[in-house]
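Below is one structure, written out as structure tokens, with a few remarks after it.
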Amino acid sequence: MADYEWAQVTLGQNDTLTRIAGDAAKGSALLNANLQFVKIAFQLGKVLLLAATNPQLLLLVAIADEIDNFVNDLKGTGFFVLEVTPTGNEVLPSDAEGNPVLLALSPLVLASQYSIAASAGLLTEFNKALEKNKITALNGVFDRSSYNVPIGKSEALDKIKKGKDDDALALRDDVFGLAKLTPSQVIAQMIAAMDDKLDDRRPQFSDSADVAAIIVVIGFSDLTKNAASLQEVLDLFVGFFGGENGLFTKGFKGLSEGLKEVLDNLSDTESYESEIEVQDVCTVRGSSEDRKILRQLISQAQWNEQATDASKYYYNTTGEFEVGDLVIGPVKDAEDKAIGYVSKVTTTTTDEDDANIGAPYVRQNLTISCLSRIDQYDFDNFGAGALLQKVAYFKKEGSYIDQNSMEKIDYPPKNSYKHINNLTESEAASVSKVKRESGNVLLTITGTETVLETHGSVGPGGTGFQTKNSVQGKIVKSKEVTKKQAPPPNFKAVKLEDLLEDLKRFFAQIQIFTDGMRAFAADAIESINNLLKYLETKIEELEELNKAIQSILKIFTTGLPSAGVFSLSIPSTTGGNNAIKDALANATNGPPNNLDYSVGFMMMGGAAAIDPLLSLISGD
-7 MADYEWAQVT LGQNDTLTRI AGDAAKGSAL LNANLQFVKI AFQLGKVLLL
43 AATNPQLLLL VAIADEIDNF VNDLKGTGFF VLEVTPTGNE VLPSDAEGNP
93 VLLALSPLVL ASQYSIAASA GLLTEFNKAL EKNKITALNG VFDRSSYNVP
143 IGKSEALDKI KKGKDDDALA LRDDVFGLAK LTPSQVIAQM IAAMDDKLDD
193 RRPQFSDSAD VAAIIVVIGF SDLTKNAASL QEVLDLFVGF FGGENGLFTK
243 GFKGLSEGLK EVLDNLSDTE SYESEIEVQD VCTVRGSSED RKILRQLISQ
293 AQWNEQATDA SKYYYNTTGE FEVGDLVIGP VKDAEDKAIG YVSKVTTTTT
343 DEDDANIGAP YVRQNLTISC LSRIDQYDFD NFGAGALLQK VAYFKKEGSY
393 IDQNSMEKID YPPKNSYKHI NNLTESEAAS VSKVKRESGN VLLTITGTET
443 VLETHGSVGP GGTGFQTKNS VQGKIVKSKE VTKKQAPPPN FKAVKLEDLL
493 EDLKRFFAQI QIFTDGMRAF AADAIESINN LLKYLETKIE ELEELNKAIQ
543 SILKIFTTGL PSAGVFSLSI PSTTGGNNAI KDALANATNG PPNNLDYSVG
593 FMMMGGAAAI DPLLSLISGD
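Just so we're aligned, residue -7 is where the sequence shown starts under the working numbering, counting upward by one.
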């Protein structure tokens, strides 16, 4: 089979439509010139006018015919469209026989990735990925011509906190809660969709059929920095294919709207707020083991159950949540809890009964600025009954080996925490107060405080003992849980003129224009007396035409930006569906899997139908 290679190019820049529009502009200029000439020559006589305009009229007819031939071929083009946008409902891709979809990796790429993994201290993880994918190599030597890798989850199962044993493909970003796919996963989804027997609108070309296709993958990494760039490219792509009236860019539009919400939330520091009520708020001195030591440092009488003073609560003492405290609440997954910081303390009260017996507990109404949509959801829906704890702020970074491409992927820095009891002494002496500033995902440190407290004697020969103190309380609030919905991607059968709204208007205006040119040429002799009035209205038509020309030319001369956009063109080839699937599986120089926020778009059909589209979209 032919060799296919991905390219990072600017879509839309080509000479085909520019030539068409240029021809239309020539016709416009000729007609305008004739108009001006007629206004002058009309007074000189009809014979002179006809003699002067006949050559130009014939040229207008020729230009009109050339434009119409291309437009008629193009706008009737029928093809199949597949849009792949992550929803969180994607399953592990498989072919018609239920086997995993395989993508090819070259030995040179694997050897390079082996070296990168070794230098990053990730060789053990890299070798585990090789073993998982049944690839054998000796010390980074890959001697096969290519390696076929089954496409599945991007992270190793032992690193996935939630859903590692299910068949879900997409992971969710733990900051924004958005589902995400790598380019390899997007491409595998396309291949699997072509074999989906439940989709009766999918292409079903036999191996003897001539087919063609164009595939586009748009991807970015680290949405904390690139959400705006991804949204911009998606909006341009949607505008390119019909804007608000586009028939097959609903997923792209939905993702763009989701990204707009992300950007709005980044700029609005109150976007993920949760209002909670917390009871039994107090300071806890150290751990349960520390409690045993503390009890030895005071008299038995102080610990007598009948004591009425605060000394019986020596382990739990007075303390409240304060603005800037980083806190954790309900369980989010097997290892983490929902996280946020106290942005407002509305009220702090003491129960009368607690006050009478000297108990240190208070009740607080707090505003928690959650660090993500997921955190807010968990506080709102699962907060009631959960323990709210003050913790220490840390930034978390790291790397992993992508299981589908064996690439080293760097995690972007993200907010994290440590339990107070797990801090070193130096860390406990400088626990951060935090807040989130507009436009930033990472928290800003506004100050520090010590959580250390010394008990007993200090100094030489003393028995001083230090505890790391944390504030905690019980949340008393809940919210009704809402249901989630998301459809899988499916093919749609469409026509080009139905998809590109600006181009559709362009075609319509061109048709009006060319018909008018023919009418002008054919009826000039008979209609010369009405020519002035006709030309006046034609000027208005030309103005509308020029608007349509400029609109479409803006796309096809400027194009879509190349950053984050990868294109694979498959021109006329024999082999039907299998030829397209093979090209997708084996194309080289594909987009890297560190672009973990990726979407895909595929147009395919019979070669005769799709080839004009290839020249239109991907250039000459």
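Positions of the beta carbon are idealized from the N, C-alpha and C atoms, including for glycine.
Start and end residues, beta strand (DSSP E) containing Met626
The first residue shown for the chain is -7 and the last is 612, placing residue 626 beyond what the model contains.
Unbroken stretches of the alpha helix (DSSP H), 4 residues or longer, contained in the stretch 191 to 241
215 to 232
Enclosing alpha helix (DSSP H) for Gly597 [first to last residue]
Counting along the chain, Gly597 falls outside any alpha helix (DSSP H), though it belongs to the beta strand (DSSP E) covering 589 to 598.
Residue of Asn140, Arg194, Gly250, Leu97 minimising C-alpha distance to Ala219
Gly250
Are the CB atoms of Ser424 and Ile437 within a distance shorter than 7 Å?
The Cβ atoms of Ile437 and Ser424 sit closer than 7 Å to each other.
Where does Arg283 sit, in a helix, a strand or coil, going by DSSP?
helix
Distance, Cα to Cα, Gly465 vs Ile268?
Approximately 11 Å, taken between the alpha carbons.
Simplified DSSP state of Ile183, which is helix, strand or coil:
Three-state result, Ile183: helix.
Have a look at Ile393, Ala204, Ser430, Glu224 and flag the residue whose alpha-carbon is nearest the alpha-carbon of Leu149.
Ile393
Length of the line joining the Cα atoms of Val208 and Ser107:
Val208 and Ser107 have their alpha carbons spaced roughly 30 Å apart.
Just the Cα atoms here: how many angstroms apart are Ala112 and Val557?
Going from the Cα of Ala112 to the Cα of Val557 covers about 28 Å.
How long is the line joining the alpha carbons of Thr580 and Val433, rounded to whole angstroms?
35 Å
Should Ser418 go down as buried or exposed, given a rule of 16 or more other Cβ atoms within 10 Å for buried?
exposed
Per DSSP, what kind of secondary structure is Gly465 in: helix, strand or coil?
strand
Assess, as a yes-or-no matter, whether the stretch 358 to 376 is touched by the stretch 324 to 343 under the definition of 3 or more beta carbon pairs within less than 8 Å.
The answer is yes - the stretch 358 to 376 touches the stretch 324 to 343, with three or more Cβ pairs under 8 Å.
Could you tell me how far apart the beta carbons of Arg365 and Tyr264 are, in whole angstroms, since I believe they sit closer than 8 Å?
6 Å
Let me confirm a value: Lys151 is counted as buried when at least 16 other C-beta atoms fall within 10 Å, else exposed. Which label applies?
Classification of Lys151: exposed, given that the 10 Å Cβ count is below 16.
Alpha-carbon to alpha-carbon, Leu100 and Ser559
22 Å
Could you have a look at Pro364 and say whether DSSP puts it in helix, strand or coil?
Rather than Pro, the amino acid found at residue 364 in this sequence is Ser. If DSSP states are grouped into helix, strand and coil, Ser364 belongs with coil.
In this structure, does DSSP put Lys573 in helix, strand or coil?
helix
If you drop the 5 nearest sequence neighbours on each side, which residues of the same chain put their C-beta closer than 6 Å to that of Glu445?
Only Thr459, Asn461 meet the Cβ criterion.
Would Ala121 pass as a contact of Gln395 if the rule is Cβ separation under 7 Å?
yes
Exposed unless 16 or more other CB atoms sit within 10 angstroms - verdict on Thr566
exposed
Return the chain-ordered list of same chain residues with a C-beta closer than 7 Å to the C-beta of Ala103, the five sequence neighbours on each side being excluded.
Gly132, Phe134
Is the beta carbon of Leu222 closer than 7 Å to that of Phe212?
yes
Ala96 - containing beta strand (DSSP E), residue span:
Looking at the DSSP string, the run of the beta strand (DSSP E) that includes Ala96 is 94 to 97.
Could you say which of Ala204, Asp328, Asn482, Ala376 lies nearest to Thr77 if we only look at CA atoms?
Asn482
Check each candidate in Glu147, Ile331, Gly321 and name the one with the smallest Cα separation from Phe386.
Ile331
If you draw a straight line from the alpha carbon of Val319 to that of Ile401, how long is it in whole angstroms?
29 Å
Should Ala88 and Asp191 be called a contact, given that it needs their Cβ atoms to be closer than 7 Å?
no
At what residues does the alpha helix (DSSP H) containing Ser335 begin and finish?
Premise fails: Ser335 lies in the beta strand (DSSP E), 329 to 341, not in any alpha helix (DSSP H).
Return helix, strand or coil for Ala421, following the three-state DSSP convention.
coil
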